[in-house]
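The block underneath contains the structure these notes are about, expressed in structure tokens.
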Amino acid sequence: RGSTIEVKKKPSHRLPTAAEGDAVLISGCKDNQTSADIGAGAAGNARAAGAMTTAFRRAIQKSSHGTFNEILSSMWQFLKEEGFKQIPQLSSEHFLNLDDPFLPEAERVDTDDPVNGGPEKPLRQPVRKAVTIGINYMTLWPGQGRLSGCINDSDTIVSILLDTFRFTSNQIVRLRDDQHDHMPNRANMLAAMDWLTEGAAAGDELFLHYSGHGGQMQDKNHDEADGLDDTLLPSDFQSAGQIPDDDLYKRLVKPLPKGCRLWVMFDCCHSGTALDLPYKAQVSADGRSLQLRKSGRRCRVGGGHSSGRSQAEVLMISGCKDSQTSADIQGGSMGTSKAAGAMTTAFRHVV
Numbered sequence: 112r113g114s115t116i117e118v119k120k121k122p123s124h125r126l127p128t129a130a131e132g133d134a135v136l137i138s139g140c141k142d143n144q145t146s147a148d149i150g151a152g153a154a155g156n157a158r159a160a161g162a163m164t165t166a167f168r169r170a171i172q173k174s175s176h177g178t179f180n181e182i183l184s185s186m187w188q189f190l191k192e193e194g195f196k197q198i199p200q201l202s203s204e205h206f207l208n209l210d211d212p213f214l215p216e217a218e219r220v221d222t223d224d225p226v227n228g229g230p231e232k233p234l235r236q237p238v239r240k241a242v243t244i245g246i247n248y249m250t251l252w253p254g255q256g257r258l259s260g261c262i263n264d265s266d267t268i269v270s271i272l273l274d275t276f277r278f279t280s281n282q283i284v285r286l287r288d289d290q291h292d293h294m295p296n297r298a299n300m301l302a303a304m305d306w307l308t309e310g311a312a313a314g315d316e317l318f319l320h321y322s323g324h325g326g327q328m329q330d331k332n333h334d335e336a337d338g339l340d341d342t343l344l345p346s347d348f349q350s351a352g353q354i355p356d357d358d359l360y361k362r363l364v365k366p367l368p369k370g371c372r373l374w375v376m377f378d379c380c381h382s383g384t385a386l387d388l389p390y391k392a393q394v395s396a397d398g399r400s401l402q403l404r405k406s407g408r409r410c411r412v413g414g415g416h417s418s419g420r421s422q423a424e425v426l427m428i429s430g431c432k433d434s435q436t437s438a439d440i441q442g443g444s445m446g447t448s449k450a451a452g453a454m455t456t457a458f459r460h461v462v
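In our numbering, the protein residues as written are 112 to 462.
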């Protein structure tokens, strides 16, 4: 339907040694298809031409600043509307960010001029900030909602931030419910999120990790297909309430300017769309391909997002789908000496 792009990586034994340069190929069809001609006078052409080249010309004329995703989708839509069954393909030597501009030089003209939509040049050096939240729910009884690995997950992320991503200790705020002066109650969690995004500018790098309970509640503004908002549960959720995805988007994503980057990790249940982001990537069952899908979310009215999308680069990794729960790992499993979240442990193994 044009809302999904599947990304596959060939097995390494079928590939030659990778070149250092970036090479991108757009082809007119799959290996098992043929690429058609368009006769003179058809599809707006005065002369005979290739269907794929015509589709590419139309896509570039429509948006010279279009992303790889937009150009490929526009070509496919044109070919489909003109009755051609061929499906254009995109291949690359290295992993490709499909939201990058197809023609960087055309994009660069704008990025140097804030008036024409590019990010303003920051008046200071780029800032790095991180927040990590681990909640074991110490006030709950064992077996009645108390967790055992979330504070350990926070410790793990702090180590990764310091040792792998080269953050410094004064750039990291920690909330954990085994320390009374750093309690992850609702007020402190919201304050930490506000601190993370306050004064954000182009070039800033922000990171948020949460390990704890995730929940769902009735969608009151009717923007969720399943009728449920995804939520985070602070340590005082029983008295102060949950934090729904609408609030997370407004505090974490909406304030960010173009050129700012935010990475978010939610190791909790029901977290698949916990930031209401428009694009979603899902790994196939065999782990050999990645499917990118544009959200089918309804357009928000009033307090919604669709009319005021952030121009920042925001990436979220969640522990599971909205309909799933995110598991714990007991000490001694998967190379861990202490209890931990399965998703945080998997991330640690990867990096």
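Where is the CB? At the ideal position from N, CA and C, for every residue including glycine.
The beta-carbon distance between ASP357 and ASP378, rounded to whole angstroms, is 21 Å. This is too long to meet the 8 Å contact definition.
According to the DSSP assignment, MET163 belongs to the alpha helix (DSSP H) that extends over 162-173. Shortest Cα-Cα distance from SER448 to any of SER202, PRO366, ASN296 and GLY260 involves GLY260.
Secondary structure remark: continuous beta strand (DSSP E) runs of at least 3 residues inside the stretch 229-276, in chain order: 239-245. Between LEU373 and LEU367, the C-beta spacing is below 8 Å. In this model, SER280 and ALA396 are separated by some 38 Å (Cα to Cα). Contact between THR243 and ILE262 fails: their C-beta atoms lie close to 10 Å from each other, not under 8 Å. Inclusion of GLY314 and PRO237 in the CB contact set at 8 Å is warranted, their separation being smaller than that value.
For PHE318, the three-state secondary structure derived from DSSP is strand. Counting only runs that start and end inside the stretch 112-161, the beta strand (DSSP E) elements of at least 3 residues fall at 115-119 and 135-138. Burial of LYS240 is indicated by the presence of at least 16 other C-beta atoms within 10 angstroms of its C-beta. Between the alpha carbons of ASN247 and ASP289 lies a distance of about 8 Å.
Rounded to whole angstroms, the gap between the alpha carbons of PRO355 and VAL284 is 22 Å. Taking C-beta separations shorter than 8 Å and ignoring five residues to either side along the sequence, the partners of GLN327 in its chain run LEU339, ASP340, ASP341, THR342, HIS381 and ASP433, following chain order. When the five nearest sequence neighbours on each side are left out, the beta carbons in the same chain lying within less than 6 Å of the beta carbon of SER202 are those of LEU136, in order along the chain.
Remark: three or more beta-carbon pairs, one from each stretch, lie closer than 8 Å, so the stretch 205-214 and the stretch 162-181 are flagged as touching.
The alpha-carbon separation between ALA457 and ILE428 amounts to approximately 12 Å.
Inter-residue distance for THR128 and ILE198 is about 28 Å (C-alpha atoms, whole angstroms).
In this structure, PHE206 is the residue among THR164, ALA159, ALA162 and PHE206 with its C-alpha nearest to the C-alpha of ALA130. Inter-residue distance for ASP264 and PRO295 is about 14 Å (C-alpha atoms, whole angstroms). Ranking PHE189, CYS140 and SER437 by CA distance to the CA of GLN200 puts CYS140 first. Beyond the five residues adjoining it in sequence on each side, ALA154 comes within less than 7 Å, by CB distance, of THR165 and GLU193 in the same chain, given in chain order.
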